[in-house]
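These notes concern the structure reproduced below.
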Amino acid sequence: MRIGRYLAAVACAALLAACASTPVPPDEAGAAGSPTALASATKPKSGLPPTDPLNSIHLPPTIARETAPINVDEDRIDWTLGQSQDIWVRIRRGFSMPDLEGTLVEDRTQWYAARPDYMERMIARSSKYLYHIVAELERRNMPTELALLPFVESAFNPEAVSTAKAAGMWQFIPSTGKHYNLKQNMFRDERRDVLASTEAALDYLSRLHDMFGDWHLALAAYNWGEGAVSRAIARNEARGLPTDYASLTMPNETRYYVPKLQAVKNIVSNPASYGVTLPPIPDHPYFVTVTTSRDIDVTLAAKLANMPLEEFRALNPSFNKPVILGASNPQILLPFENAERFQYNLNTYRGGLSSWTAVTVDGRERVESLAARLNVDPDTLREINRIPKGMRLKPGSTVMIPRSGRHTEDISAKLAENAILAMEPDLPEARRLVVRAGKRDTVASVARRYGVSVNQVRAWNKLSGSKLVAGQSLVLNVPVKRARAIAERDDEVRVIRVSGKGSRAASARQRVVVEPHAKAVRASSRASAKSSAKASAKASGGRAGAKASAAPKAKAKGKAR
């Protein structure tokens with residue numbers, strides 16, 4: 007009897023454990039909005055096996071300081087943060103910059119107020135990011151006016167790119183991004199990453215404020231560069247002029263920059279007075295962070311989160327390729343309401359997570375030959391790697407390819423960090439010729455003689471006109487076969503040398519001295535022989551004549567004596 011009771015107890019315990027470990031669809035897990043505290047949701051359960059980092063969700067830093075990361079394999083995600091006020095109230099409460107006044111501010115304020123549709127689109131985009139930015143500003147004791155700066159920089163578009171190649175909602179140029187540790191490689195550009203770019207932007211703005219001691223000057227430097235602002239201040243000091251923002255001489259873009267921010271601040275401070283309605287934005291986190299140790303397709307991640315691809319990319323715009331690399335410890339942002347669905351779908355998904363991998367080519371390679379070697383479609387290679395028609399790969403280039411056959415591994419961290427995609431025009435192999443211009447040569451005649459274009463000759467030799475000086479050396483790049491033919495037929499020995507670059511370092515440079523054609527040598531020898539004979543005969547005749555004319559003189563002289 008006791009044994010029977012014991013076995014029954016063991017069976018019940020096993021059943022309960024199995025139920026606890028079985029993923030439960032979010033719709034069946036409980037009514038949304040049930041009062042579950044975040045802190046209680048994060049308590050680890052003992053006795054459970056270690057889980058893949060892919061299945062871990064982290065709260066934003068501002069909440070994570072108070073609660074531990076939530077592991078989606080072990081705990082349910084019931085996001086209920088209770089009633090919250092509007093984020094605009096919190097932003098207004100943190101305003102601390104001195105107001106800027108003047109006609110430019112009034113002009114920009116009216117400009118924004120007169121475009122309600124434009125303001126509505128910007129605010130709709132900002133609703134995903136404002137809470138995080140405001141929380142970070144408060145943590146650093148920085149003015150919340152800076153949360154409005156992306157309205158001016160990029161209209162809160164994290165995928166914005168300027169003509170100066172500045173990218174992301176904070177508009178970092180490549181060099182400044184690298185200075186602030188924003189990774190930029192083939193697979194990822196952290197200038198567009200929501201978390202990384204915000205941290206870098208606030209670091210930069212804080213440093214500029216420490217440098218100038220004034221937020222308006224710091225903002226001018228963010229737009230114009232700290233060196234330019236420092237020089238403008240030095241010029242005013244030398245002339246005994248004020249050195250505040252309004253007194254400096256600066257480009258129009260920078261002159262309007264701070265007034266634009268002040269204009270947005272004016273509207274946020276009192277939208278009704280400008281006839282603007284600010285849509286309410288809840289004052290709680292919009293997203294959570296998911297980490298992964300395995301590659302996963304962007305489209306699949308969006309599908310598992312039950313999100314439109316466009317919305318997923320709006321939160322995760324830093325991924326340059328259609329795959330998210332697990333080796334780079336990515337931070338995938340998901341809206342709170344999608345996190346639980348993602349957890350369940352991920353834990354019950356049985357297919358492959360990624361359909362892409364990458365290879366590096368050793369030498370120059372045409373897309374068609376690489377596709378044939380890997381048994382993939384060349385058009386797919388061109389599309390996924392953005393390789394235009396008429397271009398080929400340079401040695402050392404890394405390309406994305408569909409997983410198939412022996413290429414099924416995840417992309418390594420080393421490859422991801424060092425990957426480059428370098429292309430060149432798919433032209434016949436060329437050799438570098440150095441030729442010498444003749445007396446009557448022009449750029450056009452040289453181009454015609456060697457089968458190249460006038461523009462090519464000018465570009466290779468940095469020439470602006472068409473005239474050449476006799477004996478002037480010119481660099482030409484011609485196909486290998488033509489270079490050999492030129493070297494063989496050039497009887498006038500205009501070709502000085504032929505050099506070329508192979509795909510290997512060992513044959514990186516070769517120099518060939520071009521001799522005259524054999525026929526030309528014989529002709530030249532005959533001409534030289536004739537010339538020498540004539541010269542010799544002339545010299546002999548001259549000496550004989552001189553002796554003949556000298557003899558009569560001697561005789562005459564004798565007679566005179």
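Mind the numbering: the sequence shown is residues 7 to 567 in the numbering used here, read in order.
Built from N, CA and C at the ideal position, the CB exists for glycine as well.
Take residue i and list the residues in its own chain whose beta-carbon comes closer than 7 Å to its own, dropping the five residues that flank it on each side.
{"i": "residue 337", "result": "201, 295, 297"}
{"i": "residue 150", "result": "97, 100, 101, 140, 143"}
{"i": "residue 384", "result": "373, 374, 377"}
{"i": "residue 225", "result": "263, 264, 267"}
{"i": "residue 118", "result": "125, 269, 270, 273"}
Under the rule that 16 or more other beta-carbon atoms within 10 Å means buried, what is residue i, buried or exposed?
{"i": "residue 245", "result": "exposed"}
{"i": "residue 156", "result": "buried"}
{"i": "residue 334", "result": "buried"}
{"i": "residue 360", "result": "buried"}
{"i": "residue 116", "result": "exposed"}
{"i": "residue 441", "result": "buried"}
{"i": "residue 416", "result": "buried"}
{"i": "residue 558", "result": "The predicted position of residue 558 is uncertain, since its pLDDT is 44 and thus under 50; a value taken from the coordinates is nonetheless stated next. By the neighbour-count rule (16 or more Cβ atoms within 10 Å), residue 558 is not buried but exposed."}
{"i": "residue 263", "result": "buried"}
{"i": "residue 185", "result": "exposed"}
{"i": "residue 301", "result": "buried"}
{"i": "residue 258", "result": "exposed"}
{"i": "residue 113", "result": "exposed"}
In the DSSP assignment, what residue or residues form a beta bridge with residue i?
{"i": "residue 397", "result": "431"}
{"i": "residue 364", "result": "406"}
{"i": "residue 6", "result": "The displayed coordinates of the chain run from 7 to 567. Any statement about residue 6 would go beyond what the structure contains."}
{"i": "residue 116", "result": "DSSP, once it has assigned bridges, lists no residue as partnering residue 116."}
{"i": "residue 257", "result": "DSSP lists no partner for residue 257."}
{"i": "residue 194", "result": "325"}
{"i": "residue 303", "result": "329"}
{"i": "residue 338", "result": "296"}
Can you tell me where the alpha helix (DSSP H) with residue i in it begins and where it stops?
{"i": "residue 217", "result": "200-218"}
{"i": "residue 321", "result": "315-321"}
{"i": "residue 122", "result": "122-132"}
{"i": "residue 345", "result": "342-354"}
{"i": "residue 180", "result": "180-185"}
{"i": "residue 388", "result": "384-391"}
{"i": "residue 93", "result": "93-99"}
{"i": "residue 245", "result": "232-245"}
Grab me the residues of residue i's own chain with a C-beta within less than 8 Å of its C-beta, minus the 5 sequence neighbours each way, in chain order.
{"i": "residue 474", "result": "443, 447, 448, 449, 452, 480"}
{"i": "residue 287", "result": "92, 93, 94, 129, 132, 133, 136, 137"}
{"i": "residue 182", "result": "210"}
{"i": "residue 176", "result": "155, 156, 159, 160, 197, 203, 204, 206, 207"}
{"i": "residue 285", "result": "126, 129, 130, 133"}
Taking residue i as the reference, give the member of the options with the closest Cα.
{"i": "residue 462", "options": "478, 477, 483", "result": "483"}
{"i": "residue 437", "options": "281, 486, 392, 412", "result": "486"}
{"i": "residue 327", "options": "122, 194, 146, 180", "result": "194"}
{"i": "residue 395", "options": "433, 239, 362, 358", "result": "433"}
{"i": "residue 399", "options": "420, 409, 418, 375", "result": "375"}
{"i": "residue 345", "options": "293, 161, 124, 108", "result": "293"}
{"i": "residue 439", "options": "445, 372, 458", "result": "458"}
{"i": "residue 148", "options": "309, 186, 221", "result": "221"}
{"i": "residue 492", "options": "466, 456, 368", "result": "456"}
{"i": "residue 476", "options": "468, 464, 445, 466", "result": "445"}
{"i": "residue 217", "options": "172, 279, 239", "result": "239"}
{"i": "residue 391", "options": "179, 363, 167", "result": "363"}
{"i": "residue 281", "options": "122, 478, 380", "result": "122"}
{"i": "residue 411", "options": "382, 389, 247", "result": "382"}
{"i": "residue 291", "options": "243, 460, 340", "result": "340"}
{"i": "residue 352", "options": "306, 109, 466, 111", "result": "306"}
{"i": "residue 418", "options": "342, 365, 401, 242", "result": "365"}
Along the beta strand (DSSP E) that carries residue i, what are the first and last residues, could you check?
{"i": "residue 482", "result": "479-485"}
{"i": "residue 293", "result": "293-297"}
{"i": "residue 438", "result": "436-442"}
Can you find the residues in the same chain that come closer than 6 Å, C-beta to C-beta, to residue i, ignoring five residues on each side of it along the sequence?
{"i": "residue 174", "result": "164, 197, 198, 203"}
{"i": "residue 316", "result": "none"}
{"i": "residue 387", "result": "373, 377"}
{"i": "residue 371", "result": "399"}
{"i": "residue 478", "result": "443"}
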